[in-house]
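Enquirer: Counting from 461, one number per residue, gives the positions in the sequence shown under the working numbering. Ideal placement from N, C-alpha and C gives every residue a C-beta, glycine not left out. Bear in mind the structure is a predicted one, so any value in this text is a computation, not a measurement. Handing you this structure, nothing more for now.
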Amino acid sequence: MRLALLLVATFAFAQEAPKPAPEIRGVVLESGTTQPVVDAEVSLYFLGEARPSIRVGVGMLKAVSLTRTDFAGAFSFKADKPGYYTVAVKKEGYSAPTGGGVQQQDVTLTADAPSGEARLALSRPGRMTGRVVEEETRRPIAGVRVTARSYMRMNGRRIGMAPGSVTTDADGQFVLPNLPPGDYMAEVNPWRRELLTKFTEDDVDKTDQGLEHTFWPGGHGEDSAIPVALHSGATVDIGILPVKKTTYYRLHVHMPPSVCGAGDTMMVYEHVPMSMITISDKAACRDEMLITGFPPGSYALILAVNSKAPAERAMAHIPFVIADESVEITAPLERGVVLDVALAAAEGAKAPEYSGIAVAVRPVDMIPFANVVMPVKLDAKGGVRISGVQTGPVDIDVMGLSKGYYVKEIQYNGIPAATRRVQLEKSAMAHSITVVVDDKPATITGAVTKDDKPVSKPSVILVKWPLPDGEPFMPTAIAPGDDTGKFQAAGLAPGEYRAVAVASQQEYFNREPNTLERALAEAKKIEVGRGAFVNVTLELKELR
């Protein structure tokens, strides 16, 4: 009897035991170390019981609780209820490892998992020091500008950043302070392009002597330089930076006088791979100009009359080479053409619903003015007319096409193009683009595993193969996986594909250049037919 009563009491106690209160614990460490950040201010923000569809910065939110880290860098919060939270930390003299004063992390609490953890990092600024000398004489160079150059990875590209610049002292020494942790090079770029619209014949014939554009350590050019690691609160000395002297030449540009109207201005850009560098965005529009500051090399210039009307705007793209003398070129600025774009159903396919479908025509070698490149909706008959499109290579993008269709082919003046990049010919009497769509797309499904075990929430990068020559890399589809690693990519054109599975979409966006392309080249091919369903199993890949 006593045993029975004891069991009943134990059961009742277990039934009445309170559930653990929602709680968030965490730690703040100095980035790249295991050292705690003591007495940092930690704020807790409640985002809602449902995942927010629109996010705003923590500066626009009101903290529901505040605390400070202890001697071990630890902190904790008691939460009122399950939901979506953000934890943010800051401390004077510290910043987020990637810059900015606040570091934050999202934490989700549920009824089944009422506790969460946050691991945050703050960093102290570091310094990069060195000394600039003339390469042949080894004499110090005073008064030259030195820039700290760092890079971030974004979609397989290295994006350059310049968090600080200083001028060398009388002994050629420099100190670049307040740098967030990262990999750095020192850049000496003493010469800038200068545009002159008023000049003499003597100005045209002049050359300039100056220092060579140099990156250090490791070499004179950006590609040959080797970044050095700068850790939180550290000072790194890159040593002696030797800079060569070089000759800077001039570019004399002639333009037809008829392109400039009263009060018109000219936009002048230097075209570099995947970008444009502004020389002047509001130069006086004249029939000639002089641009200084070109060392030997290959270049391309883009000119455009700064007019608001696309049909009236004249542009030119002129490649040129500087060897051992100044160069004279003629820039035949021309107005854009009228481009007729139409959507057409493939033979035997049903035409799609045109409402909601838009087409964008993006120039490859010209300035992408918004009133030309913005997507334009098709009319009720599936067509649209776009004015002011410059001849040359353009990319054709179709948006809003339902998943039951795919782009089968793009035709220019009735001739199929190999890819979405089309060459608009200057000599053509008319310009028309026909986008042929089919209603029997293919689908690739499958699962992602590692060591024969399913991978939770992977990302599958799918690419139609082979990659087009001379075009920037663009995946055909990015298919997210579920908790069991299963994925699906629909709306595909028939043909050969390559697929690479990575742990997350973040890994894909933050990859090093060419790592994905190498992985795709090694991946097995996947053949899909019109309207086919193909199932594959992919092994998780680390991009490196």
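In chain order, which continuous runs of the beta strand (DSSP E) of length 3 or greater are located wholly inside the stretch 826 to 894?
Expert: Those beta strand (DSSP E) runs which fall completely within the stretch 826 to 894 and span 3+ residues are 843 to 849, 852 to 859, 866 to 872, 881 to 884.
Enquirer: Roughly how many angstroms separate the alpha carbons of V468 and E999, rounded to a whole number?
Expert: Here residue 468 corresponds to residue number 8 of the sequence shown, with the count starting at 1. Here residue 999 corresponds to residue number 539 of the sequence shown, with the count starting at 1. Reliability of the predicted coordinates at V468 is poor, the pLDDT of 49 falling under 50, and no value is obtained from them.
Enquirer: Since E672 contacts P755 with CB under 8 Å, what's their CB separation in whole angstroms?
Expert: Residue mapping note: residue 672 aligns to position 212 of the sequence shown, counting from 1. Residue mapping note: residue 755 aligns to position 295 of the sequence shown, counting from 1. Going by Cβ atoms, the distance from E672 to P755 rounds to 7 Å, so yes, they are a contact pair.
Enquirer: Please report how far the alpha carbon of Y814 lies from the alpha carbon of F829, in whole angstroms.
Expert: Indexing the sequence shown from 1 puts residue 814 at position 354. Indexing the sequence shown from 1 puts residue 829 at position 369. When rounded, the distance between both Cα atoms is 26 Å.
Enquirer: Quick check on the burial criterion: 16 or more other C-beta atoms within 10 angstroms. Buried or exposed for V524?
Expert: Reading the sequence shown from its first residue, position 64 is the one you call residue 524. Exposed: under 16 other Cβ atoms inside 10 Å.
Enquirer: Any contact of the stretch 959 to 973 with the stretch 879 to 891, i.e. 3+ C-beta pairs under 8 Å?
Expert: Contact fails: fewer than three Cβ-Cβ distances are below 8 Å.
Enquirer: Pairs of beta-carbons, one from the stretch 692 to 703 and one from the stretch 743 to 762, closer than 8 Å: are there three or more?
Expert: No: fewer than three Cβ pairs fall under 8 Å.
Enquirer: Would you check if the distance between the CB atom of G624 and the CB atom of L639 is smaller than 8 Å?
Expert: Taking the first residue of the sequence shown as 1, we reach residue 624 at position 164. Taking the first residue of the sequence shown as 1, we reach residue 639 at position 179. Yes, the pair counts as a contact, with Cβ atoms nearer than the cut-off.
Enquirer: Could you pull out every residue in the same chain whose Cβ sits closer than 6 Å to the Cβ of V849, ignoring the five residues on either side in sequence?
Expert: Here residue 849 corresponds to residue number 389 of the sequence shown, with the count starting at 1. So the list reads G796, V797, L799, V821, once near-sequence residues are dropped.
Enquirer: Taking contact to mean 3 or more Cβ pairs, one atom from each stretch, closer than 8 Å, check whether the stretch 715 to 726 and the stretch 602 to 615 are in contact.
Expert: No: fewer than three Cβ pairs fall under 8 Å.
Enquirer: So H891 and D825 are supposed to be a Cβ contact under 8 Å. How far apart are they, rounded?
Expert: For the purposes of this step, residue 891 is taken as the residue at position 431 of the sequence shown. For the purposes of this step, residue 825 is taken as the residue at position 365 of the sequence shown. In fact, because the Cβ distance is near 16 Å, the residues do not count as touching under 8 Å.
Enquirer: May I ask you to list the residues that DSSP assigns as paired with G757?
Expert: For the purposes of this step, residue 757 is taken as the residue at position 297 of the sequence shown. The partner list for G757 (beta bridge, DSSP) reads I782.
Enquirer: Out of F675, T657, Q871, F993, which has the shortest C-alpha to C-alpha gap to A646?
Expert: Numbered from its first residue, the sequence shown carries residue 646 at position 186. Cα-wise, what sits closest to A646 is F675.
Enquirer: Between the C-alpha atoms of E772 and E661, what's the straight-line distance to the nearest angstrom?
Expert: Your numbering for residue 772 matches position 312 in the sequence shown. Your numbering for residue 661 matches position 201 in the sequence shown. Taking the straight line from one Cα to the other gives about 32 Å.
Enquirer: For M588, name the three-state secondary structure that DSSP assigns.
Expert: In the sequence shown, residue 588 corresponds to position 128, counting from 1. M588 falls in the strand class under three-state DSSP.
Enquirer: Do A802 and G843 come within 8 Å of each other at the CB atom, strictly closer than that value?
Expert: In the sequence shown, residue 843 corresponds to position 383, counting from 1. In the sequence shown, residue 802 corresponds to position 342, counting from 1. Cβ atoms of G843 and A802: closer than 8 Å.
Enquirer: By how many angstroms is the C-alpha of G693 removed from the C-alpha of V488?
Expert: Numbered from its first residue, the sequence shown carries residue 488 at position 28. Numbered from its first residue, the sequence shown carries residue 693 at position 233. Their backbone Cα atoms lie some 16 Å apart in a straight line.
Enquirer: Out of Y644, R579, R652, A581, state which residue places its alpha-carbon closest to the alpha-carbon of R605.
Expert: Along the sequence shown, one-based indexing puts residue 605 at 145. When only C-alpha atoms are compared, the closest one is R652.
Enquirer: By DSSP, does L1003 sit in helix, in strand, or in coil?
Expert: The sequence position of residue 1003 within the sequence shown is 543, counting from 1. In the structure shown, L1003 sits in coil (DSSP, three-state: anything other than H, G, I, E or B).
Enquirer: Return the CA-CA distance between K910 and A953, expressed in angstroms with no decimal places.
Expert: On the sequence shown, position 450 is the one that residue 910 refers to. On the sequence shown, position 493 is the one that residue 953 refers to. Approximately 29 Å, taken between the alpha carbons.
Enquirer: Give me the Cα-Cα distance between T903 and R990, rounded to the nearest whole angstrom.
Expert: For the purposes of this step, residue 903 is taken as residue 443 along the sequence shown, with counting starting at 1. For the purposes of this step, residue 990 is taken as residue 530 along the sequence shown, with counting starting at 1. Between T903 and R990, the C-alpha separation is close to 9 Å.
Enquirer: DSSP three-state label for L711, please.
Expert: Taking the first residue of the sequence shown as 1, we reach residue 711 at position 251. Correct three-state label for L711: strand.
Enquirer: Could you tell me if the beta carbon of D825 falls within a distance shorter than 7 Å of some heavy atom in the ligand NAD?
Expert: The ligand NAD is not among the ligands present in this structure, which contains no ligands whatsoever.
Enquirer: Sorted by chain position, which residues of the same chain lie with C-beta nearer than 8 Å to Y708's C-beta, five sequence neighbours on each side aside?
Expert: The residue given as residue 708 occupies position 248 in the sequence shown. Here the set comprises W651, T667, D668, Q669, G670, T752, G753, F754, P755.
Enquirer: How do the stretch 909 to 924 and the stretch 940 to 959 stand: do at least 3 beta-carbon pairs fall below 8 Å, yes or no?
Expert: They touch, by the three-pair rule.
Enquirer: What three-state label does DSSP hand S575 in the structure shown?
Expert: Walking along the sequence shown from the start, residue 575 turns up at place 115. S575 falls in the strand class under three-state DSSP.
Enquirer: Among L884, S491, F634, R591, whose alpha-carbon lies nearest the alpha-carbon of E854?
Expert: Translated into positions along the sequence shown, residue 854 becomes position 394. The displayed chain sequence assigns Val, not Glu, to residue 854. Per the Cα distances, L884.
Enquirer: Along the chain, where does the alpha helix (DSSP H) containing Q966 start, and where does it finish?
Expert: If you number the sequence shown from 1, residue 966 lands on position 506. Counting along the chain, the alpha helix (DSSP H) containing Q966 begins and ends at 965 to 969.
Enquirer: Could you give the distance in angstroms between the alpha-carbon of G678 and the alpha-carbon of E972?
Expert: For the purposes of this step, residue 678 is identified with residue 218 of the sequence shown, where counting begins at 1. For the purposes of this step, residue 972 is identified with residue 512 of the sequence shown, where counting begins at 1. Each residue's Cα considered, the two are about 20 Å apart.
Enquirer: Apart from the five residues on each side of it in sequence, which residues of its chain come closer than 8 Å, Cβ to Cβ, to T589?
Expert: Here residue 589 corresponds to residue number 129 of the sequence shown, with the count starting at 1. Closer than 8 Å at the Cβ level, and outside the excluded window around T589, lie Q633, F634, V635, L636, T695, V696, D697, I698.
Enquirer: Using only the alpha-carbon positions, how far apart do V518 and A548 sit?
Expert: Translated into the one-based positions of the sequence shown, residue 518 becomes position 58. Translated into the one-based positions of the sequence shown, residue 548 becomes position 88. Looking at the two C-alpha atoms, the distance is approximately 8 Å.
Enquirer: Run through the stretch 931 to 959 for me and flag every whole beta strand (DSSP E) of 3 or more residues, listed as ranges in chain order.
Expert: Here the runs fully enclosed are 937 to 940, 946 to 952.
Enquirer: Tell me the rounded alpha-carbon separation between R515 and D540.
Expert: Along the sequence shown, read from residue 1 onward, the residue named residue 515 stands at position 55. Along the sequence shown, read from residue 1 onward, the residue named residue 540 stands at position 80. Rounded to the nearest angstrom, the two C-alpha atoms are 21 Å apart.
Enquirer: Take A818 and list the residues in its own chain whose beta-carbon comes closer than 8 Å to its own, dropping the five residues that flank it on each side.
Expert: Here residue 818 corresponds to residue number 358 of the sequence shown, with the count starting at 1. Excluding positions up to five away in sequence, the list reads P835, V836, K837, L838, V858, M859, G860.
Enquirer: P770 by DSSP, collapsed to three states: which one?
Expert: Sequence index remark: in the sequence shown, residue 770 carries index 310 (1-based). Helix.
Enquirer: What whole-angstrom Cβ distance do S610 and D643 have, given they're in contact under 8 Å?
Expert: Working through the sequence shown from its first residue, we reach residue 610 at position 150. Working through the sequence shown from its first residue, we reach residue 643 at position 183. Sure, about 6 Å apart at Cβ, within 8 Å.
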